[in-house]
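Novice:
Residue numbers (the working numbering), protein chains in the order written: chain A, 2 to 492; chain B, 38 to 270.
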């Protein structure tokens, strides 16, 4: 079962390279996406009892992130199939460069998209720290061609920064792996294998100083990939230059995978009695991320970059939740589900805006509600959801994290948290409301604005799911979230 | 074996100093290739007595990759474009060399203070691992060409490899192969992108890759790791 989860997209990706008919390849993409979702659902209903190797396994934490990846990929694939069909039918001028699109071959693109799903699945299944590292680095490699889809100078620059920064970051995480191996080596020269289960069982025997150093290296390494603040500088570029359904996967699925890498080493630290050290660091980086995001969102002039900084913000909130512990861990995990759904919705709508208005500038987009009634309404709803306005799910999770901050007794931290969230709300409100209202944009976006179903229904469904999570959280999900939170020392 | 091991370690040190002080891109690619081969020798020398086929295989694969495949990929990415084939450092060569000496001292200091309990570990190997990591990071931030960032990454990766070979006795074969494959794919993809950059931009300077930033003029996003923001905890 676990092997099938990983191998289906991996093999289908190779198959996509040799399929010549465009329509057939798009059908393959959709088929694999739905097949993967079915397999994930099957794992929910009937957890696999045995795993083929010690290296692979699925605990509640992995299952949670696997489900996010699988669900988002289905929406992304539906949107992508429609998008690829539209761009291959017409040769539009490039949105910003003015030169004609020189798109990468669609076969390679589809292959990379499917391999992206395969590697992210592998991240969620890995129980060995070395394998986890290999999988995380592989996600970087296969997603780089996705960012370079529109072969423009800007996307080239974004791809370069993404590859270099993330690879250097992940190399630091490799050093962290070796430090962890040293921490697990006893005086006889024999060591505990870097399998999560064994490390947790022998956590008391780990060398404390090496373990702390390892956690620091993991935090910097996977934190770079996750987009935590001082290391986030690749993120806005990559998110704003890639096609919207790729941005959605980067933000909603990939950042979570890096977060999972961080949570794995956190589990070991917590079991070894170094939980407080790790939590303090997570809180520090969480606040730095929130503050950075707030500053950059307030002065942002491009809407896709604004969404990217919002991802930095939410990654900060996730690490705050885990950092304050207790009920916050549950809040953080719920938040990662909510954030993925909502950010996916917003990026897809942003893609609709981009193809209608042909500009990324907030100032040049006016009257979305008139020009694109469906997308406009979704854009407003998405804005309310992502800033944590009640009935939406993010309100519940952000509020849960606030409760854990208050119950940790730190009123100052709670005040800063609320103030930064307020700043971000104000910054996004100014931009989004300006874009939604007015009618100056009509003559710019004159030619045939139609909203195809494949670009409206996926964000609509994602929005509905976010709304549902705010009003009613299914018992099965709550139970899984609680199990996962207990693995991380929370409840 | 000890003499040989020490000799290889010193040669690795020399390659780092050469990289810090030389100005020719072609030459630097070859120095990094030579360093990759030397680094590949280290695990063979360290575990000479209980040399397993597994270690031999991984080391040889790594050496072929670093000595032949990487330089070929990188030289190919550079060919055909009229780039000025110099490093064009942000930090001058003599100052770089001086920093190199400083980093070397720091590396030895770190190496002497590590609480390691691994039998038969040579003391000169660990400082060399840290020296490589520092040199790699220095090249990543201190040079202007996009290509030198790849070289910096490779030097840093060599350092991590030395560290791993010195302290980790047993890593599963699948993981080692995976790491090797990842590094290979990375250099492969970077080579392709370098080729596109040099063709489309007609240069390889990273400080001119600056179309993407948040507000023009006010403050540039640093290309590498941003400095620490000093903020509340």
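Built from N, CA and C at the ideal position, the CB exists for glycine as well.
On a predicted model such as this, the values are computed, not experimentally measured, just so you know.
Looking only at its chain, what residues have a beta carbon closer than 7 Å to the beta carbon of residue 159 of chain A, apart from the 5 residues adjacent to it on each side?
Specialist: Position 158 of the first chain, counting from 1, holds the residue named residue 159 of chain A. Answer for residue 159 of chain A: 148, 238, 239 and 242, listed in chain order.
Novice: Quick one: is residue 56 of chain B near chain A, going by C-beta distance under 8 Å?
Specialist: On the second chain, residue 56 of chain B is found 19 positions in, with the first residue counted as 1. So no, residue 56 of chain B is outside the interface.
Novice: Would you mind telling me which residues of chain A sit closer than 7 Å to residue 200 of chain B, beta carbon to beta carbon, in chain order?
Specialist: Counted from its first residue, the second chain places residue 200 of chain B at position 163. Here the neighbours are 176 and 179.
Novice: Whole angstroms are fine: how far does the CA of residue 60 of chain A sit from the CA of residue 486 of chain A?
Specialist: The residue you call residue 486 of chain A lines up with position 485 of the first chain. The residue you call residue 60 of chain A lines up with position 59 of the first chain. Each residue's alpha carbon lies about 11 Å from the other.
Novice: Between residue 164 of chain B and residue 42 of chain B, what straight-line distance do the alpha-carbon atoms span, to the nearest angstrom?
Specialist: As a working note, residue 164 of chain B is residue 127 in the second chain. As a working note, residue 42 of chain B is residue 5 in the second chain. About 14 Å.
Novice: Only counting runs of 4 or more residues, tell me where the alpha helix (DSSP H) segments fall wholly within the stretch 210-261 of chain A, in order along the chain.
Specialist: Correct list: 236-242 and 245-250.
Novice: Cβ closer than 9 Å: which chain A residues qualify as neighbours of residue 183 of chain B?
Specialist: Residue 183 of chain B sits at position 146 when you count from the first residue of the second chain. Residues of chain A passing the Cβ test: 161 and 165.
Novice: Tell me the rounded alpha-carbon separation between residue 183 of chain B and residue 136 of chain B.
Specialist: The count along the second chain starts at 1 and reaches residue 183 of chain B at position 146. The count along the second chain starts at 1 and reaches residue 136 of chain B at position 99. Spanning the two alpha carbons is a distance of roughly 21 Å.
Novice: Kindly identify the DSSP beta-bridge partner or partners of residue 186 of chain A.
Specialist: Position 185 of the first chain holds residue 186 of chain A. DSSP lists A:192 as partners of residue 186 of chain A.
Novice: Comparing C-alpha positions only, which one of A:346, A:261 and A:278 sits nearest to residue 319 of chain A?
Specialist: Translated into the one-based positions of the first chain, residue 319 of chain A becomes position 318. The option with the nearest alpha carbon to residue 319 of chain A is A:261.
Novice: Can you give me, in chain order, the residues of the stretch 232-261 of chain A that have a beta carbon less than 9 Å from any beta carbon in chain B?
Specialist: Within the stretch 232-261 of chain A, the residues whose Cβ lies closer than 9 Å to some Cβ of chain B are 232, 233, 234, 237, 238, 241 and 242, listed in chain order.
Novice: Given that residue 227 of chain B touches chain A, what residues does it touch there, using C-beta distances under 7 Å?
Specialist: As a position in the second chain, residue 227 of chain B is number 190, starting the count at 1. Ordered by position in chain A, the residues that pass the 7 Å Cβ test against residue 227 of chain B are 164.
Novice: Is it true that the CB of residue 133 of chain A sits closer than 8 Å to the CB of residue 127 of chain A?
Specialist: As a working mapping, residue 127 of chain A is identified with position 126 in the first chain. As a working mapping, residue 133 of chain A is identified with position 132 in the first chain. Yes, they are a contact pair.
Novice: Which residue or residues does DSSP assign as beta-bridge partners of residue 362 of chain A?
Specialist: As a working mapping, residue 362 of chain A is identified with position 361 in the first chain. For residue 362 of chain A, which the question treats as bridged, DSSP gives the partners A:303.
Novice: Going by the DSSP bridge assignment, what does residue 21 of chain A pair with across the sheet?
Specialist: If you number the first chain from 1, residue 21 of chain A lands on position 20. BP columns for residue 21 of chain A are empty, so no partner.
Novice: With residue 170 of chain B and residue 196 of chain B assumed to form a contact (beta carbons below 8 Å), what rounded beta-carbon distance in angstroms separates them?
Specialist: In the second chain, residue 170 of chain B corresponds to position 133, counting from 1. In the second chain, residue 196 of chain B corresponds to position 159, counting from 1. That pair is a contact at about 4 Å.
Novice: Could you tell me which residues DSSP puts in a beta bridge with residue 127 of chain A?
Specialist: Counting from 1 along the first chain, the entry for residue 127 of chain A is found at position 126. According to DSSP, which records beta bridges pairwise, residue 127 of chain A is partnered with A:57.
Novice: According to the Cβ coordinates, are residue 264 of chain A and residue 342 of chain A closer than 8 Å?
Specialist: Counted from its first residue, the first chain places residue 264 of chain A at position 263. Counted from its first residue, the first chain places residue 342 of chain A at position 341. For residue 264 of chain A and residue 342 of chain A, no; Cβs fall outside 8 Å.
Novice: Going by DSSP in three states, residue 61 of chain B sits in which element: helix, strand or coil?
Specialist: Here residue 61 of chain B is taken as the residue at index 24 of the second chain, counted from 1. Three-state DSSP puts residue 61 of chain B in a strand.
Novice: Could you list which residues in chain A have their beta carbon closer than 7 Å to that of residue 194 of chain B, in chain order?
Specialist: Locating residue 194 of chain B in the second chain gives position 157, where the first residue counts as 1. Near residue 194 of chain B (Cβ distances below 7 Å), the residues of chain A are 172.
Novice: Mind pulling the chain A residues with CB within less than 9 Å of residue 190 of chain B?
Specialist: Indexing the second chain from 1 puts residue 190 of chain B at position 153. Result: 165, 168, 169 and 172.
Novice: Verify whether the separation of the beta carbon atoms of residue 456 of chain A and residue 351 of chain A is less than 8 Å.
Specialist: Here the question's residue 456 of chain A lines up with position 455 in the first chain. Here the question's residue 351 of chain A lines up with position 350 in the first chain. Not in contact: residue 456 of chain A and residue 351 of chain A (Cβ atoms no closer than 8 Å).
Novice: Measure the alpha-carbon distance for residue 268 of chain A versus residue 223 of chain A and round it to whole angstroms.
Specialist: Counting from one through the first chain, the residue named residue 268 of chain A turns up at place 267. Counting from one through the first chain, the residue named residue 223 of chain A turns up at place 222. Those two C-alpha atoms are separated by around 15 Å.
Novice: Which word fits residue 482 of chain A, buried or exposed, when buried means at least 16 other C-beta atoms lie within 10 angstroms of its C-beta?
Specialist: Walking along the first chain from the start, residue 482 of chain A turns up at place 481. Classification for residue 482 of chain A: buried.
Novice: Please report the straight-line C-alpha distance between residue 76 of chain B and residue 221 of chain A, rounded to a whole angstrom.
Specialist: As a first step, residue 76 of chain B must be located in the second chain, where it is residue number 39. As a first step, residue 221 of chain A must be located in the first chain, where it is residue number 220. Whole-angstrom Cα-Cα distance: 25 Å.
Novice: Going straight from the alpha carbon of residue 293 of chain A to that of residue 307 of chain A, what length do you get?
Specialist: Position 292 of the first chain holds residue 293 of chain A. Position 306 of the first chain holds residue 307 of chain A. About 12 Å.
Novice: Please compile the residues from chain C whose C-beta is within a distance smaller than 9 Å of the C-beta of residue 215 of chain B.
Specialist: The displayed structure is made up of protein chains A and B, and chain C is not among them.
Novice: Determine the direct distance from the alpha carbon of residue 137 of chain A to that of residue 81 of chain A, and round the result to whole angstroms.
Specialist: Taking the first chain and counting its residues from 1, one reaches residue 81 of chain A at position 80. Taking the first chain and counting its residues from 1, one reaches residue 137 of chain A at position 136. So the alpha carbons of these two residues sit roughly 23 Å apart.
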